Amino acid sequence: MVEPVPVKKPVKVTALCELCHSRKAVMRRPKNLQKLCKECFYHVFETEIHLTIVKEKIFYKGERVAIGASGGKDSTVLASILKTLNERYNYGLELVLLSIDEGIVGYRDDSLATVKRNQVQYEMPLEIVSYKDLYNWSMDEIVACTGVRSSCTYCGVLRRQALDRGAAKLEINHVVTGHNADDMAETVLMNLLRGDTSRLESSVNITTKSSGSPIKRSKPFKYTYQKEIVLYAHYKKLDYFSTECTYAPEAFRGTARVLLKNLESVRPSCILDIIYSGENFKLKEKKKRDLNNNKKKNVKSSTKESDSPNEIEIRNDGSVSLKSGKDTKKDGHRCERCGYLSMNSICKACILLQGLEVNRPKVAIEGGNTAVDGAGKLVRTLESLSF
Ligand SMILES: Nc1ncnc2c1ncn2[C@@H]1O[C@H](COP(=O)(O)OP(=O)(O)OP(=O)(O)O)[C@@H](O)[C@H]1O
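Plus 8 on top of the position in the sequence shown (first one is 1) and you've got my numbering.
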């Protein structure tokens, strides 16, 4: 009997890193599928963020900067990398962690514990500002009053102001957040799909400001892929909190996220390409005016003009948008209710809070959770808000 010839298994050639050509590649870089070793990945990841900071002139030497620290992966990597770059390139920044406690039991209390550990790990001071102290409402109470569906709108408006107020308390004029390229591309897609061309134009700015506020907000991760942030945090063994917020993500953003993930899987560069398209989108002046006029017609529920300059718009997907009205003032004006800087006579946070106050006794009497999911109920809730 003839012995079978042993089949030689092909020798597995381990891929070498495409940058250093000497170390073993351990990953395919999500942005361009390049095979890289860990060290080269750290190098390109950190250098690209440094180049964005320099090119966009995000900081000036000696600036005091507050890092919006939620304890999640993005802001934890942001704190870690700003510490590294600040030391490596001598930016001369004074970095402070600024956390907002929205009052979401079982979520924010746990993530704040992470930020407190980060405070020690990165040797940065930490300031915590809570919704309850600022607004006398926690997010849990707000959701009990208005329902889950609009929670992101309330939380977003209140958080932006809370970050500004926290920074002002620290006498800091610049807040950086961990918003990344995926977040940017999602926002562009959402505005595009809604036909919200006026927002589309400004949604890709790397530095922004709330109306009337002296505090800048920047996004050093504007061109940084979420998957790379996760890989960096993983390889560097950073201490971060990975649980999703208890309340559902903004409904339409979730849809845009799924769409973006599908697009990314067939063409990784599409995230940057979408941002690039957003950056080059410019409205003609006449179009801008026409759009503003058309928007007024679409408003389903509006505040009394004499009482408040803002309007609430309920979109088809059930999400809520606050729009600036006619009574717009110049920078440096203060909200008539809370006294905080605002371009309108009443700031967006106060508009929302006033509506909530009307419903607070009802929630207390019913003693239960009035949270509702349906867009119809949300519309009724908003219609019942009086200003
Ligand atoms: N409670 C908070 N306190 C301070 N900053 C916050 C807070 N929540 C969000 N931010 C800032 O806004 C950025 C974007 O927040 P978002 O809610 O989209 O979370 P995310 O994409 O999961 O980010 P992260 O992973 O940092 O939590 C965060 O990276 C952080 O800089």
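Ideal placement from N, C-alpha and C gives every residue a C-beta, glycine not left out. Predicted model only: the values in this text are computed from it and were never measured.
Checklist entry - For the 8 Å Cβ check, are there 3 or more pairs between the region 162–170 and the region 197–214? => result They do not touch, by the three-pair rule.
Checklist entry - For residue 315, which three-state DSSP category applies? => result Along the sequence shown, read from residue 1 onward, the residue named residue 315 stands at position 307. Per-residue confidence for residue 315 stands at a pLDDT of 40, beneath the threshold of 50, marking its modelled position as unreliable; the derived number appears in the next sentence. Of the three classes helix, strand and coil, the one that applies to residue 315 here is coil, per DSSP.
Item to check | C-beta contact flag for residue 249 and residue 188 at 8 Å | outcome: Working through the sequence shown from its first residue, we reach residue 249 at position 241. Working through the sequence shown from its first residue, we reach residue 188 at position 180. No, Cβ-Cβ distance for residue 249 and residue 188 is not below 8 Å.
Next on the checklist: Pop quiz: residue 241 and residue 81 are said to be a contact at Cβ under 8 Å. What is the actual Cβ separation, rounded to whole angstroms?
Outcome noted: Counting from one through the sequence shown, the residue named residue 241 turns up at place 233. Counting from one through the sequence shown, the residue named residue 81 turns up at place 73. About 5 Å separates the two Cβ atoms, so the contact holds.
Item to check | Three-way DSSP call (helix, strand, coil) for residue 363 in this model | outcome: Your numbering for residue 363 matches position 355 in the sequence shown. Reduced to three states, the DSSP call for residue 363 is helix.
Checklist entry - At which residue ranges does the region 40–73 contain complete alpha helix (DSSP H) runs of 4 or more residues, listed in the order of the chain? => result 46–63
Next on the checklist: Relative to the C-alpha of residue 175, which candidate in 252, 73 and 148 has its C-alpha closest?
Outcome noted: Numbered from its first residue, the sequence shown carries residue 175 at position 167. It is 73.
Item to check | CB contact flag (residue 281, residue 233, <8 Å) | outcome: As a position in the sequence shown, residue 281 is number 273, starting the count at 1. As a position in the sequence shown, residue 233 is number 225, starting the count at 1. For residue 281 and residue 233, no; Cβs fall outside 8 Å.
Item to check | Alpha carbon of residue 31 to alpha carbon of residue 69, nearest angstrom | outcome: The sequence position of residue 31 within the sequence shown is 23, counting from 1. The sequence position of residue 69 within the sequence shown is 61, counting from 1. C-alpha separation (whole angstroms): 36 Å.
Checklist entry - Taking DSSP as the reference, what is the three-state secondary structure of residue 349? => result If you number the sequence shown from 1, residue 349 lands on position 341. Note: residue 349 maps to strand in three-state DSSP.
Next on the checklist: Can you determine whether any heavy atom of ligand 1 sits closer than 7 Å to the C-beta of residue 167, and answer yes or no?
Outcome noted: Numbered from 1 along the sequence shown, position 159 holds the residue referred to as residue 167. It does: the Cβ of residue 167 is within 7 Å (strictly closer) of some heavy atom of ligand 1.
Checklist entry - Where does residue 126 land, buried or exposed, given buried means 16+ other C-beta within 10 angstroms? => result Position 118 of the sequence shown holds residue 126. The residue is buried, with at least 16 neighbouring Cβ atoms inside 10 Å.
Checklist entry - Looking at the structure shown, is residue 136 part of a helix, part of a strand, or coil, going by DSSP? => result For the purposes of this step, residue 136 is taken as the residue at position 128 of the sequence shown. Of the three classes helix, strand and coil, the one that applies to residue 136 here is strand, per DSSP.
Item to check | residue 114 Cβ short of 7 Å to ligand 1 heavy atom set | outcome: On the sequence shown, position 106 is the one that residue 114 refers to. Flag unset: Cβ of residue 114 not near ligand 1.
Item to check | Close beta carbons around residue 177, own chain, < 8 Å, minus the five adjacent residues each side | outcome: In the sequence shown, the residue the question calls residue 177 occupies position 169. Excluding residues within five positions, the ones whose Cβ falls inside 8 Å are 135 and 137.
Checklist entry - Taking Cβ positions, are residue 24 and residue 33 nearer each other than 8 Å? => result Indexing the sequence shown from 1 puts residue 24 at position 16. Indexing the sequence shown from 1 puts residue 33 at position 25. Using a Cβ distance threshold of 8 Å, residue 24 and residue 33 count as a contacting pair.
Checklist entry - What residues in its chain sit with their C-beta under 6 Å from that of residue 22, if we drop five residues either side in the sequence? => result The residue you call residue 22 lines up with position 14 of the sequence shown. Apart from sequence neighbours up to five positions away, the residues of its chain that approach residue 22 with a beta-carbon distance below 6 Å are 32, ordered along the chain.
Next on the checklist: I'd like the ranges of any alpha helix (DSSP H) spanning at least 4 consecutive residues and lying wholly in the region 189–276.
Outcome noted: If we require 4 residues or more, the alpha helix (DSSP H) runs fully inside the region 189–276 come out as 189–202, 205–210, 234–243 and 259–274.
Item to check | residue 107 in three-state terms, based on DSSP | outcome: By one-based count along the sequence shown, residue 107 stands at place 99. Correct three-state label for residue 107: strand.
Checklist entry - What span of residues does the alpha helix (DSSP H) with residue 151 cover, start to end? => result Stepping through the sequence shown from its first residue, residue 151 is reached at position 143. 147–154 is the extent of the alpha helix (DSSP H) around residue 151.
Checklist entry - Nearest to residue 180 by alpha carbon, out of 238, 196, 106 and 202? => result To locate residue 180, count along the sequence shown from 1; it is residue 172. Measuring C-alpha to C-alpha distances from residue 180 to each of 238, 196, 106 and 202 identifies 106 as the nearest.
Checklist entry - For residue 29, which residues does DSSP report across the bridge? => result By one-based count along the sequence shown, residue 29 stands at place 21. According to DSSP, which records beta bridges pairwise, residue 29 is partnered with nothing at all.
Next on the checklist: Measuring only the C-alpha atoms, how far is residue 50 from residue 274?
Outcome noted: Against the sequence shown, residue 50 aligns to sequence position 42. Against the sequence shown, residue 274 aligns to sequence position 266. Roughly 25 Å separates the two Cα atoms.
Checklist entry - Do residue 122 and residue 247 have their CB atoms nearer than 8 Å? => result As a working mapping, residue 122 is identified with position 114 in the sequence shown. As a working mapping, residue 247 is identified with position 239 in the sequence shown. A contact, by the Cβ cut-off of 8 Å.
Checklist entry - Just to confirm, are residue 111 and residue 148 a CB contact at a threshold of 8 Å? => result The residue you call residue 111 lines up with position 103 of the sequence shown. The residue you call residue 148 lines up with position 140 of the sequence shown. It is a contact, given that the beta carbons lie within the stated cut-off.
Item to check | Burial state of residue 97 (16 or more Cβ within 10 Å) | outcome: Position 89 of the sequence shown, counted from the start, is the residue given in the question as residue 97. So residue 97 counts as exposed.
Checklist entry - Going by DSSP, what residues sit across from residue 75 in a beta bridge? => result Counting from one through the sequence shown, the residue named residue 75 turns up at place 67. The beta-bridge partner set that DSSP reports for residue 75 consists of 105 and 184.
Checklist entry - Got a sec? Which residues, its chain only, sit under 8 Å from residue 217 by beta carbon, not counting five neighbours each side? => result To locate residue 217, count along the sequence shown from 1; it is residue 209. The answer, listed in chain order, is 223, 224 and 225.
Item to check | Backbone CA spacing between residue 196 and residue 202 [nearest angstrom] | outcome: Within the sequence shown, the letter at position 188 stands for residue 196. Within the sequence shown, the letter at position 194 stands for residue 202. Their backbone Cα atoms lie some 10 Å apart in a straight line.
Checklist entry - Do residue 86 and residue 194 come within 8 Å of each other at the CB atom, strictly closer than that value? => result By 1-based counting over the sequence shown, the position of residue 194 is 186. By 1-based counting over the sequence shown, the position of residue 86 is 78. Result no, Cβ atoms of residue 194 and residue 86 do not sit closer than 8 Å.
Checklist entry - Relative to the alpha-carbon of residue 252, which residue among 79, 58 and 93 has its alpha-carbon at the smallest distance? => result Counted from its first residue, the sequence shown places residue 252 at position 244. Out of 79, 58 and 93, 79 has the C-alpha closest to the C-alpha of residue 252.
Item to check | Distance between residue 261 and residue 108 (C-alpha atoms, nearest Å) | outcome: Counting from one through the sequence shown, the residue named residue 108 turns up at place 100. Counting from one through the sequence shown, the residue named residue 261 turns up at place 253. Each residue's alpha carbon lies about 22 Å from the other.
Item to check | C-alpha gap between residue 333 and residue 347, whole angstroms | outcome: As a working note, residue 333 is residue 325 in the sequence shown. As a working note, residue 347 is residue 339 in the sequence shown. A caution first: residue 333 carries a pLDDT of 47, below 50, which makes its placement in the model too unreliable to give a value.
Checklist entry - What are the boundary residues of the alpha helix (DSSP H) that includes residue 283? => result Here the question's residue 283 lines up with position 275 in the sequence shown. Run containing residue 283: 278–287, per the alpha helix (DSSP H) assignment.
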